[in-house]
Each structure stands twice: as structure tokens, then as C-alpha cells.
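Visitor: Before we start, here is the structure in question, set down as C-alpha cells.
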Amino acid sequence: MPGLEDLYREIILDHYRSPRNRGELPEPPARRVEGFNPLCGDEVVVYLVVEDGTVKDIRIAGQGCSISQSSASLMSAAVKGKAVGEVRDLIRTFKAMMSIHEARLGDGDETSASDGAGPDGEEPVDVNRLGELAALQGVVKFPVRIKCATLSWNTLAQGLDEAEQAS
Amino acid sequence: MAAVSKTTDGTVHGALDVSAIKKDFPVLSQTPHGKRLVYLDSAASSQHPQAVLDAMDDYYATSHANVHRGVYALAEEADRRYEAARLAVGRFIGAPQPDVEVLFVKNATEAINLVAATWGRANLQPGDAVLLTDIEHHANLVPWLMLAEERGLELRWIPMGDDYRLDVADLDRLLSGVKLVACTTMSNVLGTITPFARIAEAAHEAGAVVVADAAQSVPHLATDVSSLGCDFLAFSAHKMLGPTGIGVLWGRAELLEAMPPFLGGGGMIRDVRRDGFSPNVLPWKFEAGTPPIAEAVGLAAAVRYLEDIGLDRVRAHEVTLVSYAQEQLVARFGDDLRIFGPAGTDERGGVLSLQYRDIHPHDLSQVLDQSGVCIRAGHHCAKPLMRRLGVPATARASFYLYNDESDVDALADALDSAGTLFG
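Those protein sequences? They're chains A and B, same order as listed. 94 is the number of the first residue of the first sequence in this note's numbering; add one for each residue after it. 12 is the number of the first residue of the second sequence in this note's numbering; add one for each residue after it.
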């Protein structure tokens, strides 16, 4: 049975207590995107400035649990300054990590998540590429919390789509 | 029954023997994460005594057939148990005519939807006013919002005061011209017991029909529909030791008689022709299709279990427990812990909505789970109330007859661990 230490890694608690890129950005040039988790009331607001194919700036507002807030904070640090293509890759990799079947993360096989196998028929997930974000992989063992971790990423993806359509 | 000791005159007195009651509930011997199960989520759904499980098993093992249609002994027995359940439930809530006024539905939500879809559509016209309150569950909000959208109704609200009680100072003005009042008897978030009888009396003077969302009170407080003064009363079996899948709408017979049917189908008709149908008599007019028969039998067993113990003793026990919890939590956590709900115990039930430091309710619930402590975290299907309270969510512990002081202590200890983890 997974323990709390799998969920609340120190990096996660650090980003929860001291969130990075917290705040708002004037729109325009920023684009504001809202994400809701209707089950729990968590809410994330992503302010995104995309220029010349790059995520030039990002801020996170809203409210939620330690998992949703730390995931948003880690995400903001990971994507700021990156090319949109790279960011989309990262979103895909992160979401793949979040959909690794729980059974692959079973007791006594703690390395299976970083072995790199994704869901059947999909590209392997290389969690080494995720850097600090890999701290969130323990969330998969708590299926109810997966939506908390992916909320900001889905919101960011929506923001990138909107930015692309507008350009 | 192990948990009840009756005196010679058949009545029961005194404090509950909770350790004996706990033994009546098989699920309480579960050990999540290797810990004793501390179940503090009965406001969401309660657990089941063996007597309820046995009654349903016995029904399926010895008496199952479809009701109302069979002319053979087995079907007659199924029919007998189903209709006996109706009478038992009716007696439990003081229904003057239990055989016609007690309708079995899916849950309290469906009961309120039934009233909105039938009485509401037949009686509410564009511009008519409906009076709700600040503290309603979505089950007693969304059906009226849907009808308001369809019919162009005016919605009014009885406000909640800063003491977490309904502020009825302005009730007469709010009631002026109102056709329907829908109000909870006990808040699922705050535990607030509302001054329902007073509201109902004023509403009737203003000519309004009154709906009671009694999902939280029927399991915990002795209920009498006449003293409450409601015209409709809705509740669910699964919050009162009964099974999921069945709830009750009680309604005054003359209102139910005049209402159009809700769902159409088998059982609810007297005659069907190619060009129309005529509805069955009460209560079957509102029970289309095969009803939840085993669930009705289980609900009746739950009613018997509660009656054997006595609702007054259940209430007294919960008052003691809430009082102990308030004292302990304030003593141990002081200003770090905020309780959303009335102070004292007179006008509140065994529901404690909490905010502990700045720990998000979901994180709190997750950490408590490791100690075997089950609480609910979220908006509790009361988003307008959450907005009024200025929080996105709360952590909610709720008590029932199988909880005792040791469960409150386990909650407090688990809050301590959460405080340590989130530093």
C-alpha cells in the first residue's frame, strides 16, 4: 500500500509552500486560461505570453490542494522560456507519466515507473527528461489525485491551442 | 440485538453502548492501512448494521418476485414485505396516511426532482417566486434552478447569518407572493438545524407550499411531518443505515392526488389505450417500473434498528459527541482550527466542517486516511454556500451512533500528524 511519502515528496511541499511564478500578467499581451476540477473545486488560472514560438512568460493564479498547486508551480518553472514544441512534448510526457497503470507502480517495485514503459501501445515515458517534475510520479499511486496533478497541464495545453489559433 | 438493552416496559433509556453498537456494523472491523477504521463520513453515507444486510439477504434468498403483479405465494410475500416497508417508514416519520403518502424513489435528490417536475410544472407560472436558502445542498437547488430557467421563476433566498444560522428576521417580506418554499431541515455542511417549523408556518400563512430536504435530519432526529409542518419531505435510506438506491418522498395526500405523474411506465397506470392512459392510485401512481424491493426491505430493517435504539438517544449521543469534539479540537488546536457551524449543540447536528491552518481539505483528508480516519473533503454539493463562506472547500467530519470519543481523539491525533507534515 503506498505511503504518504510517495505523494508528498519534499520538492512538492517546497513548491506548495513557495510557489514559483505565482501571480497575474496583464492581458494582452498575456492570454488568460482557467481550469476547473468540478469534483473538488480546485481552480487554476494560467497567464501565458507566447511570442515567436516561445513561452516567453507564465504566471499561475487560483487555489487548490498541494498537489494541484505544486504541479502548477513545477510546470511554470519547467516551461518558462521554452519553445512551444518543446512545451507540448513536455505536456505529453508528463501526462503519459500520470497515466502509467497503477499496477506498474506496485509495492516493492519502486523503480518500475522510471523504467520508462508507458501505457500499452504508447511511447515509453522517460521520466529522466522530466527533472524535478518526476517528483509527482508518486501521485499515480493515488488515482483520485491524478486530476489534481494534471489540472494545470491541461489548462496550459488549452492556452497553447488558443494562442496557436489566434496567431 | 446486541446493542440494545430494553427495560421490562419495552422502552430503552440512557447512554448508548457504542462498543456494542460498533460490533453490529461489520465494516467497522476493516483495518485500512493497518489502522482501526474511524468512519466520520456518515453525512455522506452511513454504514450498515448486520440486521439490514441480513434482511436484504433473506428477502433475496426466500421471497423475491416482482411486486404488484404476481398471483402466487412468492410474489405475494414480496408484495407484503415491500408494502410493510412503506408502513414502517411512514410510521417512522409520523405520516398520517403511510399507505398512500409514502413514495419510494431513488434518493432524496430524485424526491425533490419529482416535486419540481410534477407539482412545480403544474403550479408555477412565469414570474412566480420560489424561496430557497443560502445553505441548501445542490439536490435542493438545481431542480429549482432548472425549473426557474424553464418557467422564468423568481428565486429568493433566506440568508445565513454570521452565526451560521438562517436569518429569518426578514421572512415575512421574503415570503410575500411566494408560491413554494424549499428548505433544508439540517445543513450537510454546517450541521445547522434550521427553524423549519417556524418557516413552514409563515410560508403557509403566505399561501406557499413547503418542501423539506430532510436527508440530514431524518437519520439523526426524531421526525414528525405534522410538527415540521411541511407539505413534502425528502430523504435517502443510505444516510440512515439503509441501502443505496432507495429514498423517500412523503407528501400530503391531497397534493399528491392532484399532481400529474412523474415517470411513466409499468405499475403507475390504471389503464393504457393507444390514445392515452389514466394513472394508478397513490402511492403507485409515482412508482413506475419495478421498484427497489430489496432496498425497501433493507430500509425497513434500518428503521427497526433505529427505533429499537431510539432516535432521542441517538440525538443525545450525538450532542455529547459534538460537544466533546468542539472542546477537544479547540483545546488542542485553538485558532489553528476553524469550525464552520453554530457554536454550542442546541441548533446543530453531528457535522463538523473544518479548516485546519491553511492545509487544503483534500490534503487533510489524504493524510487522515493514513490513520484510518475517513472524513470528506470538498464543496459537499453546496457551492453557493462555499462562496458565502469564502472557501473553495472544507474538511468535514460527521458522526453517527457508532462513533464515540475514541473516534474524536483519533481525528484530533490525525490532525496533529497533518500539521507536522505540512509544517
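Glycine is no exception: its CB is placed at the ideal position from the N, C-alpha and C atoms.
With a threshold of 8 Å, are at least 3 pairs of Cβ atoms found where one atom belongs to the stretch 96-106 of chain A and the other to the stretch 126-135 of chain A?
Guide: No, because fewer than three Cβ pairs between the stretch 96-106 of chain A and the stretch 126-135 of chain A fall closer than 8 Å, the two stretches do not touch.
Visitor: Enumerate in chain order the residues of its own chain whose CB-to-CB distance from A:G252 is below 7 Å, with the five nearest sequence positions on each side excluded.
Guide: Here residue 252 of chain A refers to the residue found at position 159 of the first sequence. Answer for A:G252: R124, V126, V139, L141, listed in chain order.
Visitor: Please decide whether B:D427 counts as near chain A, where near means a Cβ-Cβ distance under 7 Å.
Guide: For the purposes of this step, residue 427 of chain B is taken as residue 416 along the second sequence, with counting starting at 1. By this cut-off, B:D427 is not an interface position.
Visitor: For the putative contact between B:H328 and B:L412, defined by C-beta atoms under 8 Å, what is the C-beta separation to the nearest angstrom?
Guide: As a working note, residue 328 of chain B is residue 317 in the second sequence. As a working note, residue 412 of chain B is residue 401 in the second sequence. Confirmed, Cβ separation roughly 6 Å.
Visitor: Any idea what DSSP makes of A:D107, helix, strand or coil?
Guide: On the first sequence, position 14 is the one that residue 107 of chain A refers to. DSSP places A:D107 in helix when its eight states are reduced to three.
Visitor: Report the rounded CA-to-CA distance for B:L64 versus A:S166, giving the unit in angstroms.
Guide: Against the second sequence, residue 64 of chain B aligns to sequence position 53. Against the first sequence, residue 166 of chain A aligns to sequence position 73. Each residue's alpha carbon lies about 48 Å from the other.
Visitor: With a threshold of 16 other CB atoms inside 10 Å of the CB of B:N414, please say whether the residue is buried or exposed.
Guide: Here the question's residue 414 of chain B lines up with position 403 in the second sequence. The residue is buried, with at least 16 neighbouring Cβ atoms inside 10 Å.
Visitor: Express the C-alpha separation of B:F351 and B:R326 in angstroms, rounding to a whole number.
Guide: Translated into the one-based positions of the second sequence, residue 326 of chain B becomes position 315. Translated into the one-based positions of the second sequence, residue 351 of chain B becomes position 340. Whole-angstrom Cα-Cα distance: 20 Å.
Visitor: What in chain B is Cβ-close to A:S159, meaning under 7 Å?
Guide: Taking the first residue of the first sequence as position 1, residue 159 of chain A is located at position 66. Per Cβ cutoff of 7 Å: H371, D374.
Visitor: Is it the case that the Cβ atoms of B:L272 and B:M279 are separated by a distance below 7 Å?
Guide: Translated into the one-based positions of the second sequence, residue 272 of chain B becomes position 261. Translated into the one-based positions of the second sequence, residue 279 of chain B becomes position 268. In the sequence as presented, Leu is not what sits at residue 272 of chain B; that position holds Pro. Yes, they are a contact pair.
Visitor: Quick one, which residues of the stretch 112-141 of chain A are near chain B if we go by CB-CB under 8 Å, in chain order?
Guide: L132, C133, G134, D135, E136
Visitor: Among B:G202, B:E94, B:Q136, B:D145, which one has its Cα closest to the Cα of B:Q337?
Guide: On the second sequence, residue 337 of chain B is found 326 positions in, with the first residue counted as 1. The residue with the shortest Cα to Cα distance from B:Q337 is B:G202.
Visitor: Contact defined as beta carbons within less than 8 Å: I believe B:F344 pairs with B:L426. What is the distance between those atoms, to the nearest angstrom?
Guide: As a working note, residue 344 of chain B is residue 333 in the second sequence. As a working note, residue 426 of chain B is residue 415 in the second sequence. Yes, they are in contact, since the Cβ atoms of B:F344 and B:L426 sit about 7 Å apart, within 8 Å.
Visitor: Does chain A have any CB closer than 7 Å to the CB of B:A404?
Guide: What you label residue 404 of chain B is simply residue 393 of the second sequence in a count that begins at 1. Yes - at least one Cβ of chain A is within 7 Å of the one on B:A404.
Visitor: Go through its chain and collect everything with a Cβ distance to B:E112's Cβ below 8 Å, but skip five positions before and after it.
Guide: Numbered from its first residue, the second sequence carries residue 112 of chain B at position 101. Around B:E112: G101, A106, W261, G262, R263, A264, L267, L293, P294.
Visitor: As an exercise, report each continuous alpha helix (DSSP H) stretch of at least 4 residues that is fully enclosed by the stretch 141-198 of chain A, in chain order.
Guide: 159-172, 177-191
Visitor: So who's on the other strand from B:A223, going by DSSP bridges?
Guide: Taking the first residue of the second sequence as 1, we reach residue 223 of chain B at position 212. Paired residues: B:C194, B:L244.
Visitor: So which residues of chain B does A:L229 contact, with C-beta pairs closer than 7 Å?
Guide: For this step, residue 229 of chain A is matched to residue 136 along the first sequence. Neighbours of A:L229 on chain B: none; closest Cβ ~14 Å, over 7 Å.
Visitor: For the alpha helix (DSSP H) containing B:S30, list its first residue and its last residue.
Guide: What you label residue 30 of chain B is simply residue 19 of the second sequence in a count that begins at 1. Run containing B:S30: 29-34, per the alpha helix (DSSP H) assignment.
Visitor: Which bits of chain B does A:L97 rub up against, with CB to CB less than 8 Å?
Guide: On the first sequence, residue 97 of chain A is found 4 positions in, with the first residue counted as 1. Within chain B, the residues near A:L97 are Q377, V378, Q381, L432.
Visitor: For the beta strand (DSSP E) that A:N130 lies in, which residues bound it at each end?
Guide: Counted from its first residue, the first sequence places residue 130 of chain A at position 37. Bounds of the beta strand (DSSP E) holding A:N130 are 124-130.
Visitor: With a 10 Å radius around its C-beta and 16 neighbouring C-beta atoms as the bar for buried, classify B:R407 as buried or exposed.
Guide: Here the question's residue 407 of chain B lines up with position 396 in the second sequence. Burial is judged here by how many other beta carbons sit within 10 angstroms of a residue's own beta carbon; B:R407 has at least 16 and is buried.
Visitor: If we define contact as Cβ-Cβ less than 7 Å, is A:Q251 a contact residue for chain B?
Guide: Stepping through the first sequence from its first residue, residue 251 of chain A is reached at position 158. No, A:Q251 lies away from the interface with chain B (no Cβ there is under 7 Å from its Cβ).
Visitor: Determine the contact status of B:A245 and B:A122, defining contact as a CB-CB distance below 7 Å.
Guide: What you label residue 245 of chain B is simply residue 234 of the second sequence in a count that begins at 1. What you label residue 122 of chain B is simply residue 111 of the second sequence in a count that begins at 1. In contact: B:A245 and B:A122 (Cβ atoms closer than 7 Å).
Visitor: In the DSSP output, what is B:C385 paired with across the bridge?
Guide: Against the second sequence, residue 385 of chain B aligns to sequence position 374. Paired residues: B:Y50.
Visitor: Would you mind telling me which residues of chain A sit closer than 9 Å to B:M397, beta carbon to beta carbon, in chain order?
Guide: The residue you call residue 397 of chain B lines up with position 386 of the second sequence. Residues of chain A passing the Cβ test: G134.
Visitor: Residues in the same chain with beta-carbon distance under 7 Å from B:S417, minus the five sequence neighbours each way, listed in chain order, please.
Guide: What you label residue 417 of chain B is simply residue 406 of the second sequence in a count that begins at 1. Contacts found: none.
Visitor: Give me the Cα-Cα distance between B:L85 and B:D286, rounded to the nearest whole angstrom.
Guide: Counting from one through the second sequence, the residue named residue 85 of chain B turns up at place 74. Counting from one through the second sequence, the residue named residue 286 of chain B turns up at place 275. C-alpha separation (whole angstroms): 35 Å.
Visitor: For B:D35, tell me which candidate among B:P60, B:A54, B:D28 has the shortest Cα-Cα distance.
Guide: Working through the second sequence from its first residue, we reach residue 35 of chain B at position 24. The shortest Cα separation from B:D35 among B:P60, B:A54, B:D28 belongs to B:P60.
Visitor: Would a check of beta-carbon distances place B:H148 closer than 7 Å to chain A?
Guide: As a first step, residue 148 of chain B is located in the second sequence; it is residue number 137 there, counting from the start. Not one chain A Cβ lies under 7 Å of B:H148.
Visitor: Let me know if B:E147 comes out buried or exposed under the rule of 16 or more other beta-carbons within 10 Å of its beta-carbon.
Guide: Position 136 of the second sequence, counting from 1, holds the residue named residue 147 of chain B. It is buried - the Cβ of B:E147 has at least 16 other Cβ atoms within 10 Å.
Visitor: Given this structure, state the Cα-to-Cα distance separating B:L114 from A:Q258, to the nearest angstrom.
Guide: Working through the second sequence from its first residue, we reach residue 114 of chain B at position 103. Working through the first sequence from its first residue, we reach residue 258 of chain A at position 165. Cα-Cα distance, rounded: 54 Å.
Visitor: Tell me where the alpha helix (DSSP H) around B:G253 begins and ends.
Guide: Taking the second sequence and counting its residues from 1, the one referred to as residue 253 of chain B is at position 242. Unbroken run through B:G253: none, as it is neither H nor E.
Visitor: Quick check on B:H391 - is its C-beta less than 7 Å from some C-beta in chain A?
Guide: Sequence index remark: in the second sequence, residue 391 of chain B carries index 380 (1-based). B:H391 does not count as touching chain A.
Visitor: Going straight from the alpha carbon of A:D135 to that of A:C241, what length do you get?
Guide: Here residue 135 of chain A refers to the residue found at position 42 when the first sequence is read from its first residue. Here residue 241 of chain A refers to the residue found at position 148 when the first sequence is read from its first residue. A:D135 and A:C241 have their alpha carbons spaced roughly 8 Å apart.
Visitor: In whole angstroms, what separates the C-alpha of B:R398 from that of B:A72?
Guide: On the second sequence, position 387 is the one that residue 398 of chain B refers to. On the second sequence, position 61 is the one that residue 72 of chain B refers to. If I take the Cα positions, the gap works out to 49 Å.
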